[in-house]
Structure formats: C-alpha cells, structure tokens
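Data first, discussion second: the structure below is written as structure tokens.
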Amino acid sequence: MGSVKDLTIVEKPTDDSLGIGFFKFSDRYSVFDWGEMPDHIVNKGSSLAIITSHFFEILKKRGIPNHYIGAVLGGETLNFDEVDKPFDTIKVKLVRVVKPEIKNGKYDYSIYKKISRNFLIPMECIYRNSVPEGSSFWERYNKGEIEFEHEITPDVPFGKPILDVSTKLEETDRYLSWEEAKEISDLDADQIEEIKSMLLNVSNIITEETKKKRNYQSRW
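Residue 25 in the numbering used here sits at position 42 of the sequence shown; the count goes up by one each step and never skips.
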C-alpha cells in the first residue's frame, strides 16, 4: 500500500518475467514527500483511475507501449470503451523494484550495472507545459539549474515542454541533471534521448486530447 494507491500483487515479477497486479486509486491524497493527509477527496480515486485508463489506452494506440492492461470492474478486466460505470482499479504489468543501497551516507546505484532486464529504472521523468507561481521549480530555474531557450513566466504555457528528471527510490525525491540520470540508471546517451523523445510525444498526445475534451461531458 502506498500513500494514495493500494497495490495487490497477483503474480510477482521475476528476473525474466513480468508480474501482474491491481492498482486501486483511493480518495486519499498526499503532499510532496510528507505522505498521506488526514482528510480525503470524494471520488478522487475513481476520477484518477478513469483518466489513467483513458490516456494509457490512447498512448498504446499511438504506438507507446506501457504497463497498463485494462480497467477492472465487477471482477472483470475491460477496455475503457467497454466500461459503463465509474471504477477505481486498473490491472497492470509489474517489474522488479531494485532499490539502491546506502553506503557512507550516500545512495549507491552500482546495482544497476549488474542487472539487465525487467526492473524499474530508478528515476521519474517529467514534462512541464507550464509551472505555477510558488513552485520550487522557479528557485532551480533562477539558479540556472534548468536551461530554456527564452524567458519563461509563471502560469503561462511554455510553448515547448520543459523536460525534468528526479530520483524515484530515495527517501526524498531529488532532482537530477540528465547526465546524472544517465549515470545512476546505467543508461547510455541514446537511451536517454529516446526517453526525452517519448516524453515529448506523450506531452503532445495528452495536450491534444485535453483540448478535445474541454466541452466534454461524462457519459456516466
């Protein structure tokens, strides 16, 4: 169980094969790395499960493979178009989560040089189409830690997404340069560029879809 999602493992992943699991989206919510907040947001779980299912199926149709299998309703696994009522659970493929060790007070990622398949790459890849005022992003931007071709303004769409990356398996997420991301994950330069290209593609697809849905009304 995480702070906002519950994971049920049906088949554990191995060195050579994917596992199977169910993600149940709850009405709990968390803030930054502080964990679960004391109150809940009604219907948040169903809302997130529905939009997750919708976009993962679109991405798959557009040639972007992913771990999503289907929406879960009444014990059945269905395609999004087959669902006739809200749901809060999806079925997914699972990979191994191999955590870095802590040595001399620092995270040691050398384990990723020893494994070659079926594991979670230990970083979170992020695209940003705009950033609100007050975000910690601006402190990093003002320090020159994030480069952009022209001046950008809070709450104003960038025109071209900013790509960002952080750790995912440390106690607190830590932002990285892409060179650092390459080092900790043991990926090569071509693989990093492939990730960036996929991020831009995902951003474009989701942006296209959200523009279509501005006047969308739920079918339920």
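Just so it is clear, CB atoms sit at the ideal spot from N, CA and C, and this is done for glycine as well.
### Task
Tell me, please, whether the segment 164 to 178 touches the segment 83 to 98 by the rule of three or more beta-carbon pairs shorter than 8 Å.
Inter-segment contact for the segment 164 to 178 and the segment 83 to 98 is present: three or more beta-carbon pairs are separated by less than 8 Å.
### Message
Just list the residues that DSSP pairs Ala172 with in beta bridges.
### Response
Per DSSP, none; premise fails for Ala172.
### Task
Pair every Cβ in the segment 17 to 36 with every Cβ in the segment 60 to 71, then say whether three or more of these pairs are closer than 8 Å.
The way I'd put it, the segment 17 to 36 does touch the segment 60 to 71; three or more beta-carbon pairs between them come closer than 8 Å.
### Query
beta strand (DSSP E) containing Leu61: first to last residue?
Counted as a single uninterrupted DSSP element, the beta strand (DSSP E) harbouring Leu61 occupies residues Glu59 to Leu61.
### As assigned by DSSP and simplified to three states, the class of Met181
It is helical.
### Task
From the DSSP output, read off the bridge partner residues of Ile109.
DSSP output for Ile109 lists Asp147 as bridge partner(s).
### Task
Evaluate contact between the segment 56 to 64 and the segment 141 to 148, counting only Cβ atoms and requiring at least three cross-stretch pairs below 8 Å.
With the cut-off at 8 Å, the segment 56 to 64 and the segment 141 to 148 do not touch.
### Task
Could you tell me whether the segment 110 to 125 touches the segment 32 to 47, using the rule of 3 or more Cβ pairs below 8 Å?
These segments do not touch.
### Exposure of Ala164, with buried meaning 16 or more beta-carbon neighbours within 10 Å
Buried.
### Message
For Thr(-9), tell me which candidate among Phe102, Lys7 and Lys97 has the shortest Cα-Cα distance.
### Response
Closest option to Thr(-9), Cα to Cα, is Lys7.
### Task
Kindly list the residues whose CB is nearer than 6 Å to the CB of Val80, restricted to its own chain and excluding five residues on each side of it in sequence; keep chain order.
Here the set comprises Leu103.
### Message
Buried or exposed, going by whether 16 or more other CB atoms sit within 10 Å of the CB of Pro137?
### Response
Looking at its Cβ environment, which holds fewer than 16 other Cβ atoms inside 10 Å, Pro137 is exposed.
### Query
From which residue to which residue does the beta strand (DSSP E) around Gly2 run?
Per DSSP, Gly2 belongs to the beta strand (DSSP E) from Gly2 to Phe8.
### Given Lys27 as reference, the closest of Ile41, Asp10, Asp64 and Leu42 once Cα atoms are compared
Shortest Cα-Cα distance from Lys27 to any of Ile41, Asp10, Asp64 and Leu42 involves Asp10.
### Query
Between the C-alpha atoms of Lys97 and Arg123, what's the straight-line distance to the nearest angstrom?
Roughly 33 Å separates the two Cα atoms.
### Query
Since Tyr90 is in the beta strand (DSSP E), which residue starts that stretch and which ends it?
Where Tyr90 is concerned, the enclosing beta strand (DSSP E) starts and stops at Lys89 to Asp91.
### Task
State the CB to CB distance for the pair Ile41 and Ile188, rounded to an integer number of angstroms; the pair is presumed to be in contact (CB under 8 Å).
For Ile41 against Ile188, the beta-carbon gap comes to about 7 Å, under 8 Å, which counts as contact.
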